[in-house]
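Inspection log for the structure reproduced underneath, given as structure tokens.
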Amino acid sequence: MAITRSARLVLAIALGAVAIASPAQAQNAKDDVLAESDDAFGTTVGLESTGIYTDRDTRGFSPLDAGNVRIDGIYFDQASFLTNKLRQTTAIRVGFGAVETPFVAPTGVVDHRLRSMPKEAGGTLTYTRYYYGGSFYEGEFRLPVKEDRIAISGGYGYSKFGQSDGSQSESWGITLKANIRIGRFELAPFYGGGEFNRNDAKVVALVSDGYLPEVTPRNKYLGQDWSRGAHDHGNYGATLKGSITDHLYFRGGLFHSLGNKKKSFSEIYRIEAADGASQHYVLADPPQQVNSTSGEGLFVLHYRNERMQHRFYAGYRARDRLTETDGSDFINLGTAIFGQYDRIDKPEFEFTEVNRGKVRQSSWLLGYVGFLKDVGQINLGLQKARYRASIAYGDSGVIDAERDDPWLYNAALRLNIAPRLIAYAATQRGLEDSGLAPESAINRNEQLPAARSTQYEGGLRYDFGKAQLVVAAFQITKPNFGYDAERRFVILGDQRHRGVEFSLAGHFNERIDLLVGGYVMDPSVTGPGRAAGLVGPRPTGVPKFYGRLDASFHTGLPGALSLTASVEHLGARPATATEFDHLGGKQLMLPSVTTLDLGTRNVVPVGKTTLGVRMLLRNLFDAKAWHASSPDVLFTRHRRSVLIVASLDF
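Counting with this note's numbering, you get residues 19 to 668 for the letters of the sequence shown.
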């Protein structure tokens, strides 16, 4: 089918929408994310998260997209989700939480911690009734083969569940992990992967004309009954850690991550009027590969005495990523009313050759971390990076390339001002892949230049004994990409996020766990694009205020009953990058939204086993809202729903 220029816009948006979709994950009912949280800056255990930041949104940027991901502290280029049956927790290391982290990057680090060597043989059976209907069935085992030397663990899961927009998914997955200690070293190979044999197309509201539609009813699926995608996912590799001598330590790992599409669809409604009148498109993708091999080797020379510690770091990290794009086809279903069904019989799609994008990036690493008791700490890092990116166009065979060889750095200083008061200041410079120009651009699918980012930050932490208060200020600057007057997708200036964040984390009387966090931010866009009126003053999807409270009360009643509550407030944020005359020369804005979650957790002995039950009512008052994933692209946020998890340990 011929692709018109206007149609390329929806095609490009949909490609981005598909890329951000991620599956749900199960958990053990006894997992207590509040108990695992050291601060309110973001921790995830299973299906539940606390804190104000996630791997997709930290200080208004995505550390996952920027490539700032670690497995047990080792560099990892993540191409698909990492199942929680392998990882114990995922924490966002930012601010004070990143002061001791070597080679930290702007926007912080997504820190996956894998499950440690099991001490006792056992297993877990878990049933999950998912938020919007459907179920997870999981089983796992833990088997020490030789005490403190060899152990294996693994599991299997099957799920069939729905999402708030009515889409359905069906998948299976397996995990296997070994811990092998030989002398001073521990080798930990792992595998986690499976298949989504059904993954319905996500419904996208495209608001490029500046009109905001009504949020669709919960569980009402506006897509076709045949637009069901399928894809493989997996992560495997190994970590190696240990002491070479009493002072020389090694930490390294090699990983492979994949998220290969077998088939994929997107449902796009381009909203053209306030009453929901729209143009309806369905995008179909051919099989496309996304995979990456990455790893790191780091030597640490360590000296210490009663007053001082010195750690010298030297190492190398690299990644080699393949991303296939384009080759897609789509159909225009014509005029529709967003919120009403608009379905047709499945047509025949005509695919073309895909584009093959390659990114090879590496860095030589040198660093130093020093501690002086009762005085403070210093963290210095220097990287010589090498970046090479290319794309081979499937329709012509032409190859475009991009390269960069920057010096990158990080520096942090922490000072003990008083017995309970600590201050820090830090700066980082990073490099991240910017991807390809979208289909709607004149230079469509052109490899974009790698983006250099810079951050300055500083803050205070006060220890109350049973609680800690952190207040920090930050400024992050990155290139801002957008359309110029000729609709070329180029750097139009800078995107700057300047703000103040806070975290209060406390554990009181062995009964109350409390996390309170938030930020006030001034996100702005500056440069030639803003001066020419091509973009508005604020970046898409970033609020000026966000706040969250998470609390847990251990009642002491039979069954170890705990009560939980979470309150979240998301401020108003732009849905578009463009300003519109019919909005008074302003960007289209999404209104603020506040939600309340309530839950319970029970842990009950049943003979020689333990039964855990977790129940969570999310969005009690069913607040309706949109999520802006990128300029002009809206998905529905979560609606009122119930989660029930039952786990039996034996």
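Cβ atoms here follow ideal geometry from the backbone N, Cα and C, with glycine treated the same way.
{"Query": "ALA248 and LYS195 closer than 8 Å at C-beta", "Result": "no"}
{"Query": "Coil, strand or helix - ASP667 by DSSP", "Result": "strand"}
{"Query": "Nearest candidate by alpha-carbon position, reference SER67, set PRO609, THR76, PRO81 and THR108", "Result": "THR108"}
{"Query": "Bridge partners - TRP644, DSSP secondary structure assignment", "Result": "THR654"}
{"Query": "In DSSP terms, what GLY157 is bridged to", "Result": "LEU143 and TYR174"}
{"Query": "PRO424 beta carbon less than 8 Å from that of ALA403", "Result": "yes"}
{"Query": "Run of the alpha helix (DSSP H) containing PRO546, from where it starts to where it stops", "Result": "546-549"}
{"Query": "Inter-residue Cα distance where the pair is ASN461 and VAL611", "Result": "38 Å"}
{"Query": "Pick from GLY271, SER245, LEU266 and LEU552 that is closest to GLY255, judged by C-alpha positions", "Result": "GLY271"}
{"Query": "DSSP three-state assignment for PHE114, whether helix, strand or coil", "Result": "helix"}
{"Query": "Start-to-end residues for the beta strand (DSSP E) that takes in ASN86", "Result": "Segment: none, ASN86 is in no beta strand (DSSP E) and carries neither H nor E."}
{"Query": "Completely contained beta strand (DSSP E) runs for the segment 579-645, where each covers 3 or more residues", "Result": "580-588, 591-598, 604-608, 611-624 and 627-636"}
{"Query": "Anticipated Cβ contact below 8 Å, ASN373 with THR343, distance rounded", "Result": "5 Å"}
{"Query": "Buried versus exposed call for GLU324 [16 or more other C-beta atoms within 10 Å across all chains shown]", "Result": "exposed"}
{"Query": "Straight-line gap, SER134 to THR142 (C-alpha atoms, nearest Å)", "Result": "16 Å"}
{"Query": "Distance, ILE494 Cα to PHE79 Cα", "Result": "9 Å"}
{"Query": "Cβ-based neighbour list, ILE409, same chain, cut-off 6 Å, excluding 5 preceding and 5 following", "Result": "ASN373, GLY375, ASP418 and GLN465"}
{"Query": "Rounded separation between PHE283 and ASN350 - CA only", "Result": "13 Å"}
{"Query": "Which residues DSSP lists as bridging TRP382, in chain order", "Result": "TYR334 and LYS402"}
{"Query": "Span separating the alpha-carbon of ARG378 from that of PHE154", "Result": "37 Å"}
{"Query": "Between the CA atoms of ASP293 and LEU522 - distance to the nearest angstrom", "Result": "44 Å"}
{"Query": "Stretch-stretch touch, CB-based, cutoff 8 Å, three pairs: the segment 560-569 with the segment 581-595", "Result": "yes"}
{"Query": "Proximal residues to ALA590 (C-beta, below 8 Å), its chain only, five neighbours per side dropped", "Result": "PRO561, LYS562, MET607, LEU608, PRO609 and SER610"}
{"Query": "Residues that GLN242 bridges to, as DSSP identifies them", "Result": "Bridge partners of GLN242: none, in fact."}
{"Query": "In chain order, each beta strand (DSSP E) run of at least 3 residues that lies wholly inside the segment 237-321", "Result": "246-261, 266-276, 279-289 and 295-303"}
{"Query": "Contact check, VAL387 vs PHE348, beta carbons under 8 Å", "Result": "no"}
{"Query": "Residue-level contact to chain D via CB, ASP129, 8 Å cutoff", "Result": "Annotation note: the requested chain D is absent from the structure, which comprises a single protein chain."}
{"Query": "Neighbourhood of GLY157 by C-beta, 8 Å cutoff - its chain only, sequence neighbours within 5 removed", "Result": "GLY141, THR142, LEU143, THR144, GLY173, TYR174 and GLY175"}
{"Query": "Test item: CB-CB of ARG160 and LEU132 under 8 Å", "Result": "no"}
{"Query": "With 16 other Cβ atoms within 10 Å as the buried cut-off, status of GLY511", "Result": "buried"}
{"Query": "Any 3 or more C-beta pairs closer than 8 Å across the segment 380-399 and the segment 328-343", "Result": "yes"}
{"Query": "GLY415, enclosing beta strand (DSSP E) - first and last residue", "Result": "No beta strand (DSSP E) contains GLY415, which DSSP labels as neither H nor E."}
{"Query": "Straight-line gap, HIS265 to ARG322 (C-alpha atoms, nearest Å)", "Result": "9 Å"}
{"Query": "Neighbour-count burial assignment, ALA550, 16 or more Cβ in a 10 Å radius", "Result": "exposed"}
{"Query": "Whole-angstrom distance between SER471 and GLY11, CA atom to CA atom", "Result": "Because the chain is modelled from 19 through 668, residue 11 falls outside the range shown and cannot be assessed."}
{"Query": "Exposed unless 16 or more other CB atoms sit within 10 angstroms - verdict on VAL416", "Result": "exposed"}
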